[in-house]
Each structure stands twice: as structure tokens, then as C-alpha cells.
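*Asks:* Sharing a structure with you now.
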Amino acid sequence: MVPDLRLPLVKQLAEADVPHRFWHTADPGGRVWLFENVEGDGEHWAIRQIEVGADRVAHRYWWGRLQDDRGFLTDQPLEIWELTEITQAAFEAVWAAA
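This is how it looks when you write it as C-alpha cells:
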């Protein structure tokens with residue numbers, strides 16, 4: 040198995056002393072995504088992500104769990120103009136419940 044080279048970068052971004060922002064989006068099929076991001080090199084990188092399927096089962100991804108058989112932490116910069124900003128408290132409530 041090849042080691043995931045994203046791990047040190049995602050962990051470094053997560054631990055960086057920079058502002059964190061929180062986002063939400065959904066699709067018509069009932070799936071929901073929430074992201075915590077930091078800015079690096081002028082782009083917005085997800086450091087934590089929650090995916091909630093139409094079945095209401097949530098999956099969490101961060102540097103400690105970059106992927107599983109259901110999904111993965113996005114490896115592309117977020118296009119924040121397509122997302123709705125939410126509060127940290129709202130993100131943390133879903134993270135804790137997942």
C-alpha cells in the first residue's frame with residue numbers, strides 16, 4: 040500500500056495558526072457536505088469534511104482519516120463561491136454528532 044502523501048500537508052494546515060472558515064452545501068438528492076478550511080497559497084483547502092448521505096449517515100474526514108471505503112477528504116481547493124458560510128458552532132455540532 041502506498042502511503043498517502045497528503046497526510047503531512049493536511050495535518051500542517053490543520054495545525055497552522057491561521058483563520059479557519061466553515062462551509063455548507065447540499066444537492067437536490069438530499070446529500071450534505073460541510074467543510075472546515077484554511078487558506079494556503081491563495082486557495083481554500085479543506086482540513087475537515089463531513090459528508091451526510093441521503094440516508095442521514097455521516098462520514099468524517101480529516102488528517103487522521105483521509106479516506107475510507109465511502110469517500111475521502113477532498114484533495115482539490117474549495118470553490119467557496121459555490122458554498123454557504125456557516126458558524127464554527129454549527130460545524131462542530133454536526134462533527135460531534137457524526
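Residue numbers (my numbering): 40 to 137.
By construction, the Cβ of each residue, glycine as well, lies at the ideal position given by its N, Cα and C atoms.
Tell me the DSSP bridge mates of T126?
*Replies:* As a working note, residue 126 is residue 87 in the sequence shown. DSSP output for T126 lists no bridge partner at all.
*Asks:* Within the segment 81-122, note down every full beta strand (DSSP E) run reaching 3 residues or more, in order along the chain.
*Replies:* Segments of the beta strand (DSSP E) lying fully in the segment 81-122: 82-91, 97-101.
*Asks:* Throw me the rounded Cβ distance for the A85 and E78 pair, which I believe falls under 8 Å.
*Replies:* On the sequence shown, residue 85 is found 46 positions in, with the first residue counted as 1. On the sequence shown, residue 78 is found 39 positions in, with the first residue counted as 1. 11 Å between Cβ atoms; not a contact.
*Asks:* Near K50, which residues of its chain fall below 7 Å by C-beta distance, leaving aside the five closest residues on each side in sequence?
*Replies:* As a working note, residue 50 is residue 11 in the sequence shown. Counting only Cβ-Cβ distances below 7 Å, and skipping sequence neighbours, we find W102.
*Asks:* Can you have a look at W120 and say buried or exposed, based on whether 16 or more other CB atoms are within 10 angstroms of its CB?
*Replies:* If you number the sequence shown from 1, residue 120 lands on position 81. Flag for W120 reads exposed.
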